[in-house]
Every structure is written in C-alpha cells, then in structure tokens.
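Trainee: My structure is below; once you've seen it, I'll send some questions.
There are 2 protein chains.
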Amino acid sequence: MPLSSYREFDAALAFAAQSTERTMERLLPKGDEGEAQVFEAMRYSSLGGGKRLRAFFVLAGATLFKVGAVPALRTASAIEFVHAYSLIHDDLPAMDDDDLRRGKPSCHKQFDEATAILAGDALQTLAFEVLADTDTHGDPAVRAHLVVDLAKAAGAHGMVGGQMLDLLAEEQDAEEMSIGTITRLQRLKTGALISFSCTAGAILGKAAEPMRSALSAYAHDLGLAFQIVDDLLDVEGDPSVVGKATGKDAAAGKATFVSILGLERARAQASMLARQAAAHLEPFGDKADLLRQAANFVVSRRA
Amino acid sequence: MPLSSYREFDAALAFAAQSTERTMERLLPKGDEGEAQVFEAMRYSSLGGGKRLRAFFVLAGATLFKVGAVPALRTASAIEFVHAYSLIHDDLPAMDDDDLRRGKPSCHKQFDEATAILAGDALQTLAFEVLADTDTHGDPAVRAHLVVDLAKAAGAHGMVGGQMLDLLAEEQDAEEMSIGTITRLQRLKTGALISFSCTAGAILGKAAEPMRSALSAYAHDLGLAFQIVDDLLDVEGDPSVVGKATGKDAAAGKATFVSILGLERARAQASMLARQAAAHLEPFGDKADLLRQAANFVVSRRA
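First to last, the sequence lines map onto chains A and B.
Everything in the first sequence is counted per my numbering, starting at 1366 for the first residue and increasing by one.
Everything in the second sequence is counted per my numbering, starting at 1366 for the first residue and increasing by one.
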C-alpha cells in the first residue's frame, strides 16, 4: 500500500518510518569481518528509533509527482543516514556531550568515541553512495542533482555550519543573541536538511521549478516551526517522552527562541509558521493533505 | 603546460600539487560569517602541505585518456579533501592522538576538537559536492560513477573500515597479527583511496574496462608498497623530514610490515611490489612513464 493511499497522518508517518527503516536495514553494512564493530555502531545509531519525519517528507513529496517507491525510499534512507551521522557526532563529548539519545545510550557511550566518530563518518559516506547508485534513479542527472543538493544541505554552508554556530553561541553572552542570529543558526543546522527532504521528491519527479519552490517555501517555514517546538520541549517536555535530557538549554545559559521570545510568543510564532507553511501547498490541492497534517503535527508534538 | 608535457617525475609531482592546490583553494568555503571558524579549519588542514600523491595519480591517469584539466583537477581536489578529512579525524585524541601533522599542529591542536570533527565532516561533504557538480564532467553518468566509487573507497568497506581495524589492532597482541591481516587492513585504510585515485582518470575518460583494470592492478601493488614504506619510515625516518613523530608503532607495540617481516625483507617486498606495479602499465606504452616513475618514487621516498 503506497503512502498516497493513507488519509491519516499518524498512520502515514508510521508507514514511512517502517518502510524506510526496512530499506535502511538492507543498505547498511553487516558482516563478521574484523571491522564489524563500526557496522554495528552504524546500525545501532541509525535503526530502531526516531520519528523519521525527514523520511516522511521525502515520501510525501514523492507522491505528488508519482515517483516510484524504490527511488523515494532510497532517498529517504540517505537523508536519515545523514541525520543519524549528525546526531552521533553532535553527541560526542567534544560537542554537545550527550549520554542519551532516543532513550538509549548515545553511540560513544554504547561503543567508544573512536567508533562513534568512524560510524558517523561512514554513515555520511553511505548516504552519498546510495543516492548516486543506479538503483536510486534511472536518470544519472537526477542522481547527481540529489548528491549536490544533499551536500549543500549537509556541508559547511548548511548543517555543519549551523552546528559550528551553535557551539560558538554557547560561548557567547546569551543576551547578545538576536532572533535573527538564532533563526540563521537553525536554518543552517536543521532547516537545510529538512528543506532537502521536502524537495527531494520534486527532484526525483523532475518537477517544474515553481513546484519545487512551493515545497522549499513550505520546508523553510516548517523547519523553523520545528526548531521553536524543540526549544519549547526543552523547557516544557517530559524527558521520558522526549527521549533525551531536557532543561539543558537553560542550564547552559543558552539563547533559544524561548529565552528570547518567552513561552507564549514562541508558541504563537510556531503556530503561525505552521499555518504559513501549509499555505504554500496550495498549488498541489488536496494531494498535499498529508503534508498539511504534518505541519500541524510538528507544532503539536510532545517529543 | 599540461602534466603530459612533463618528462621528470619530480617536476610533474610539483606541478600536480600546485595546480590541485589552486583548485582546492577556489573550492573551499571562505567568508566572515559567524561559522567561518570551520571554514578556516578546513583550509588549514587541506591547503599548504602534503605530497599530493593522490592528486598526481588522478592527473597522470587522466592524461592517458586525454581528459581535460578541469575535470581532472576537480576530481583530484575531491580526493585530497577526503584524504585531509581522514587525517583530521585520525589525529583526534580518541583516535591516534597526534599533535603534529605535516610539521604543524594538527587541526584539533590549532583549533579545538569540536571544530576539527566538523571540519573533517564538511571536507568529506565537499568532496561529493565537487564530484557531482556539472563543472566536473558534462556526462552526469560519469559524475554519479565517481561519487559511487569514491564512497566505496572511503566508507565502511574501505578507508573507515581500515581505520576501525587499525584501532582494534592496537588492542590485540601484536604477535597474533599475520601478514594477511595487516595487508587487508592497509588495503582498506589507504589502498582503497589510492586505487580510486589511479582509476578516476579512466572513469573521466570513459576508458574500456581492461584499461581501468590495469590501473587498478597498478594501484593495488603500489598502495601496498606505499604502506610498507610508511612503516619503514616510522622506524628509520627522520621526524623533521617525515613531518610527524616517528617510532610510534614500536612504542605502541603495534604489528606492522616491518615488525613481522623485519627491515630487510620489508624493503625487498616494497621494491618487488613497485616493480610489479609498473609492469601492469604495459598496455599504455611510454605514455605511462610518469606513473612508472611514481612507483619508483614511492619506494625511495624519505617522507
């Protein structure tokens, strides 16, 4: 049953998570060679957890352009591999120093730091291998396009740049951080990859530029809403539901959307952005209903 | 003046290093944004040093198939970015814990650990972005092919797997390591990327399979010779010439080609492999003279 036959977001998200996880499982290395420890760490940190919201965005975007299941699932897997790599590296002692991830020990706690660094490195490599492989799309220009766009989203001008900003922000006086600075930080750190997730289906379907722009605009607003809710959950969330420690931002004296806007205005801003995100989907009519529901989910989620 | 007009290896290597370095300089991010520290770390660790032997292999291989300068230089740069990323991560305290690299402080000593991890991550991403970009080749199938082959060489079944094996080998009794185990370790850790460097020109030139196989065989033997010489330099080399600390393997009680074969047999083995590597170049006639000289250089180098 394809994603497009789902009417309810929860069921569609669960389907996207399960089918992407099955694809990831097949794509990940396994074996009993001497170096298998790094295979195990890659599997440990990328399988069996997470909402798979990025995978959902790829699959939901792909249904708009009648893209086949295999290209969509392989692309979704590649993005989830990059997401998993970024979490492994972000959790390292030299970075955010998190012992818990998705309710279980983070990769360097379960294995060791060296293995965690290598597992993250190899997950990133795997993502590009999967996208460029002939199985992902019959047209090599589409495959190369996916590689370039993922690289832009993940690299120094995207996710890595955002994480650098985030680390440097911790050393800064929180009072000096403006809403503009935090918005740019989050656009790079999480927004760029979410944006690629939302537009990948359009690349796979060789959609016309206005279609891709509409999805990009949706992703832009939704990504920011997503991050504001992340900040809200760090203040209001239940650690057992969120699956990681909360209250970390305040304890670190870190500037967040909540510390600058306050709880109420942050909540209002997230809702406004989610409505604005959904409005960009107009050109797709009711075919984009799942993406509309996703916008609602992002601001009402508890974890 | 193209590489093919050089007759002497030393001059050709210097030309390859300079022209690749210029291309890398243009491809690396720069700017004064808040996250510029990661740009600086990427530039610090990838520019201004190294023999650029991998870049030479790409350029020398490309001349065999009349590949243009831009595709060859961009591909060479991508491989040097991956090589630089691997050195940054290998030098980290959790890995080989090296304070010195190419005669200057390693990335995490010059900046900090978090910045070094991120700089390595973003250098890897940049490599794939460069290969998949339309400027690298007019045929998207060639670009996708380069991405897949680089990913295979660098990932869990290549370079990262080899580094995992190397880290685990340090915990093992050196007596239990066989020549077969060390050979496999080095084929993954350094051989895979050297092999891709030697065959990339054939991919760019859409060469027939037997041509690519000949270069692959050359790379296979040469990569192993290269590593044996690395082990020899760790025993016999002058740190001020080698540009990093020597005697580390013996101090760590690490099994190497030298610890198993002894100095004399290791030297003989490296020479034999270099001759064997050169023999694979026969189909190319005297057009492959620079690659033949490279085989000789690899076993006679002092750093």
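Note that beta-carbon positions come from the ideal geometry of N, C-alpha and C, so glycine has one too.
The model shown is predicted, which means the values in this text are computed figures rather than measured ones.
1. In terms of DSSP beta bridges, what is K1469(A) paired with?
2. Quick one: is L1452(B) near chain A, going by C-beta distance under 8 Å?
3. Would you kindly work out how many angstroms separate the C-alpha atoms of Y1450(B) and D1599(B), rounded to a whole number?
4. Pick helix, strand or coil for R1417(A), following the three-state DSSP scheme.
5. Starting from the beta carbon of H1522(B), find every residue of chain A whose beta carbon is closer than 8 Å, and list them in chain order.
6. Is the shortest distance between the beta-carbon of M1637(A) and the beta-carbons of chain B less than 8 Å?
7. In whole angstroms, what is the alpha-carbon distance linking A1434(A) and G1520(A)?
8. Taking 8 Å as the threshold (beta carbon to beta carbon), is F1404(A) in contact with chain E?
9. Could you list which residues in chain A have their beta carbon closer than 7 Å to that of F1493(B), in chain order?
10. So within the region 1584-1659 of chain A, which uninterrupted beta strand (DSSP E) runs reach at least 3 residues, ignoring any that extend past its ends?
11. Please list the partners that P1505(B) has in chain A, where partner means a Cβ-to-Cβ separation under 9 Å.
12. For A1509(A), collect the residues of the same chain with a Cβ closer than 8 Å to its Cβ; drop the 5 residues on either side in sequence, then sort them by chain order.
13. With 8 Å as the threshold, decide whether the Cβ of E1400(B) is near any Cβ in chain A.
14. Since L1532(B) meets chain A, which of its residues come closer than 7 Å, beta carbon to beta carbon?
15. Can you tell me the Cα-Cα spacing of M1407(B) and L1452(A), whole angstroms?
16. Using the Cβ count rule (16 or more neighbours within 10 Å means buried), how would you classify A1635(B)?
17. Which of the residues in the region 1405-1424 of chain B, read from start to end, lie with their CB under 8 Å from any CB of chain A?
18. Taking 8 Å as the threshold, find out whether the region 1549-1568 of chain B comes into contact with the region 1529-1547 of chain A through three or more Cβ pairs.
19. Which residues mark the beginning and the end of the alpha helix (DSSP H) in which T1385(B) is found?
20. Between which two residues does the alpha helix (DSSP H) carrying F1561(B) extend?
21. Which residue from G1399(B), Y1371(B), S1442(B) puts its Cα closest to that of S1384(B)?
22. Could you give the residue range of the alpha helix (DSSP H) that holds P1505(A)?
23. For I1625(B), which residues in the same chain have their Cβ closer than 6 Å to its Cβ, ignoring the five residues on either side in sequence?
24. Keeping to the same chain, check which residues put their C-beta closer than 8 Å to that of G1396(B); ignore five residues upstream and five downstream.
25. Rounded to whole angstroms, what's the CA-CA distance from H1448(B) to S1410(B)? Just pull it up for me.
26. Check whether chain B comes within 8 Å of V1623(A), counting only Cβ atoms and requiring the distance to be less than that.
27. Go ahead and label L1628(A) buried or exposed: buried means 16 or more other beta carbons lie within 10 angstroms of its beta carbon, across all protein chains shown.
28. Provide the residue span of the alpha helix (DSSP H) that contains H1454(B), from first to last.
29. Does chain B have any CB closer than 8 Å to the CB of V1663(A)?
30. Is it right to say M1529(A) is buried, meaning 16 or more other beta carbons lie within 10 angstroms of its own, or is it exposed?
31. Given that G1526(A) touches chain B, what residues does it touch there, using C-beta distances under 7 Å?
32. In whole angstroms, what separates the C-alpha of V1423(A) from that of F1374(A)?
33. Just how far apart, CA to CA, sit M1389(B) and E1647(A)?
Mentor: So, from the data block:
1. According to DSSP, K1469(A) bridges with R1466(A).
2. No Cβ of chain A is located within less than 8 Å of the beta carbon of L1452(B).
3. Approximately 22 Å between the Cα atoms of the pair.
4. In the three-state scheme derived from DSSP, where H, G and I count as helix and E and B as strand, R1417(A) is classed as coil.
5. Residues of chain A passing the Cβ test: P1394.
6. It does not; no Cβ of chain B falls within 8 Å.
7. If you draw a straight line from the Cα of A1434(A) to the Cα of G1520(A), it is about 27 Å long.
8. This model lacks chain E altogether; the protein chains it does include are A and B.
9. Per Cβ cutoff of 7 Å: F1493, V1512, A1516.
10. Entirely contained in the region 1584-1659 of chain A, not one beta strand (DSSP E) run reaches 3 residues.
11. Under the 9 Å cutoff, chain A gives D1504, P1505, A1506, V1507, R1508, A1509, H1510.
12. Cβ neighbours of A1509(A) beyond the five flanking positions: A1497.
13. For E1400(B), the answer is yes, since a Cβ of chain A falls inside 8 Å of its Cβ.
14. Against L1532(B), the close residues of chain A are A1479, in the order they occur along the chain (beta-carbon pairs closer than 7 Å).
15. When the Cα atoms are used, M1407(B) and L1452(A) turn out to be separated by approximately 21 Å.
16. A1635(B) comes out buried.
17. The region 1405-1424 of chain B vs chain A, Cβ under 8 Å: M1407.
18. Result no; under three Cβ-Cβ pairs closer than 8 Å.
19. In the DSSP assignment, T1385(B) falls within the alpha helix (DSSP H) that extends over 1374-1392.
20. Counting along the chain, the alpha helix (DSSP H) containing F1561(B) begins and ends at 1557-1569.
21. Per the C-alpha coordinates, the member of G1399(B), Y1371(B), S1442(B) positioned closest to S1384(B) is S1442(B).
22. For P1505(A), the enclosing alpha helix (DSSP H) stretches over residues 1505-1519.
23. Taking I1625(B) as the centre and dropping the five residues before and after it, the same chain places the C-beta of I1544 closer than 6 Å to its C-beta, in chain order.
24. F1404.
25. Cα-Cα distance, rounded: 10 Å.
26. No, V1623(A) lies away from the interface with chain B (no Cβ there is under 8 Å from its Cβ).
27. Exposure of L1628(A) is indicated by the presence of fewer than 16 other C-beta atoms within 10 angstroms of its C-beta.
28. Bounds of the alpha helix (DSSP H) holding H1454(B) are 1434-1456.
29. Judged by the 8 Å Cβ criterion, V1663(A) is not in contact with chain B.
30. The residue in question, M1529(A), is buried, as its Cβ has 16 or more Cβ neighbours within 10 Å.
31. Those are E1400, V1403, listed as they occur along chain B.
32. V1423(A) and F1374(A): Cα-Cα distance of roughly 14 Å.
33. C-alpha separation (whole angstroms): 43 Å.
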